[in-house]
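Student: The sequence shown lines up with residues 0 to 258 when you count with numbering that gives the first Met the number 0.
Cβ coordinates follow ideal geometry from the N, Cα and C atoms, glycine included.
Note that the coordinates shown come from a computational prediction; the quantities given were computed from them, not determined experimentally.
Can you keep this structure in mind? I'll have questions shortly.
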Amino acid sequence: MSLPGVSREALIGSATLGLAFITGYYIGKRRSRLYRMNTFKSHVGLKNEPIMQYILNHSLREHPALKKLRLKTLEHRGNSMMVACEQSQLMANLARLIKAKKAIEIGVYTGYNTLSVALALPEDGKVVACDVSEDYPNIGRPFWKEAGVEHKIDLRLQPALKTLDELLAAGEAETFDFVFIDADKENYDNYYEKSLQLLRKGGIIAIDNVLWGGRVLNPAEDDLETQAIDKLNKKLHTDVRVTLSMLTVGDGLTLAFKL
């Protein structure tokens with residue numbers, strides 16, 4: 000088929016552009032759908048949603064230093080990694096509920112959630128905060144000090160698995176009350192198993208990003224992170240060592256209660 004006055008090359012070029020547009024449209028639509036599924040965080044996708052603002056206006060209670068750190072973190076491009084304030088408050092309340100004294104945080108970022116948990120612990124409480132770089136935690140340090148809880152935070156700058164092994168070797172198995180896992184996804188199962196050894200009966204392991212923007216619905220063959228999360232989700236569902244709830248808070252939050 001040919002059109003008068005239109006060269007074959009122009010037709011091919013137009014068809015190619017059209018195909019590229021359609022492909023881009025559907026890829027973008029799919030990504031947009033996945034992104035919308037990752038909009039449970041108040042500071043990522045729901046910040047302009049009236050219902051989320053209502054939730055924050057009627058439930059969020061932030062220590063002044065905690066609020067300052069949240070606003071400081073929002074100045075950074077990677078702020079989507081920050082635990083949502085409403086999720087952080089939930090976990091801090093859980094820590095209070097079980098009268099937690101010793102906690103572990105695997106993945107610190109700027110330390111917003113670290114500070115939130117530290118504030119929930121008694122004066123002689125301790126948070127072992129695991130990260131591999133001090134760049135982001137250094138953002139939070141002044142606010143930890145301002146809140147008067149810097150002495151509660153034991154920042155370990157090395158691979159988290161090494162820190163967990165050191166705690167086990169030091170005889171601290173079954174002495175921790177609360178663990179939050181929010182680091183490299185391919186090690187999620189390793190973090191979970193070692194955390195379970197360190198946790199006392201009745202303690203809680205909170206696992207972040209368990210919905211992973213909806214990607215867990217159909218993990219790609221080359222997406223090892225999503226596969227790791229999906230595998231752990233399936234394992235937890237049948238793990239008789241814990242009871243659990245998976246919540247649509249943040250990017251998905253699983254709470255595992257050790258039996």
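Does DSSP put THR253 in a helix, in a strand, or in coil?
Tutor: In the structure shown, THR253 sits in a strand (DSSP, three-state: E or B).
Student: To the nearest angstrom, how far is the alpha carbon of PHE175 from that of ILE204?
Tutor: When rounded, the distance between both Cα atoms is 10 Å.
Student: Just mark LYS144 as buried or exposed, buried being the case when its beta carbon has 16 or more other beta carbons within 10 Å.
Tutor: When all chains shown are included, LYS144 counts as exposed.
Student: Is there contact between the region 164-171 and the region 226-236, where contact requires at least three CB pairs shorter than 8 Å?
Tutor: No: the two stretches stay apart, fewer than three of their Cβ pairs being nearer than 8 Å.
Student: Would you kindly check if the distance between the Cβ of GLU224 and the Cβ of LYS184 is under 7 Å?
Tutor: In this structure, GLU224 lies closer than 7 Å to LYS184 by Cβ.
Student: Just to confirm, are VAL178 and PRO136 a CB contact at a threshold of 7 Å?
Tutor: For VAL178 and PRO136, no; Cβs fall outside 7 Å.
Student: Would you mind sorting ARG240 into buried or exposed? The rule is 16 or more other CB atoms within 10 Å of its CB.
Tutor: Classification for ARG240: exposed.
Student: Can you name the residues that DSSP bridges to VAL178?
Tutor: In the DSSP output, where bridge partners are listed per residue, VAL178 has ILE103 and ILE204.
Student: Where does SER31 sit, in a helix, a strand or coil, going by DSSP?
Tutor: Caution applies to SER31, whose pLDDT of 39 falls short of 50 and renders its modelled position unreliable; the value that the coordinates give is listed next. Correct three-state label for SER31: helix.
Student: I need the straight-line Cα distance from LEU70 to ASN47, nearest angstrom please.
Tutor: Those two C-alpha atoms are separated by around 16 Å.
Student: Along the chain, where does the beta strand (DSSP E) containing ILE138 start, and where does it finish?
Tutor: First-last for ILE138: 136-145, but that is the alpha helix (DSSP H), not the beta strand (DSSP E).
Student: Compare the Cα-Cα distances from LEU271 to each of LEU160, VAL131, GLY147 and ASP164 and report the closest residue.
Tutor: Residue 271 cannot be examined here, being either before or after the span of the chain that is shown, 0 to 258.
Student: Tell me ILE152's beta-bridge partners as DSSP assigns them.
Tutor: According to DSSP, which records beta bridges pairwise, ILE152 is partnered with VAL126.
Student: Tell me MET245's beta-bridge partners as DSSP assigns them.
Tutor: Paired residue(s): THR253.
Student: Among residues of its own chain, excluding the 5 on either side of ASP222, which ones have a beta-carbon nearer than 8 Å to its beta-carbon?
Tutor: Correct list, in chain order: ARG214.
Student: With DSSP as the reference, label ARG60 as helix, strand or coil.
Tutor: Here ARG60 sits in coil by DSSP.
Student: Let me check one thing: in DSSP terms, what residues is LEU223 bridge-paired to?
Tutor: Paired residues: none, contrary to the question.
Student: Taking the alpha-carbon of VAL148 as reference, which of LEU163, ILE180 and SER115 has the nearest alpha-carbon?
Tutor: That would be SER115, whose Cα lies nearest to the Cα of VAL148.
Student: Work out the CA separation of THR247 and VAL39 for me, nearest whole Å.
Tutor: For the record, residue 39 in the displayed sequence is Phe; it is not Val. Their backbone Cα atoms lie some 7 Å apart in a straight line.
Student: Please state whether DSSP places LEU89 in a helix, a strand or coil.
Tutor: Here LEU89 sits in helix by DSSP.
Student: When we look at the beta-carbon of GLN88 and count the other beta-carbons within 10 Å, is it buried (16 or more) or exposed?
Tutor: Buried, because 16 or more other Cβ atoms sit within 10 Å of the Cβ of GLN88.
Student: Does the beta-carbon distance from SER74 to SER41 come in below 7 Å?
Tutor: Position check: residue 74 holds Glu in this sequence, whereas Ser was assumed. Result no, Cβ atoms of GLU74 and SER41 do not sit closer than 7 Å.
Student: According to DSSP, simplified to helix, strand and coil, what is ARG76?
Tutor: Residue state, collapsed to three classes: coil.
Student: Using the three-state DSSP reduction, which class does ARG240 fall into: helix, strand or coil?
Tutor: Coil at ARG240, not helix or strand.
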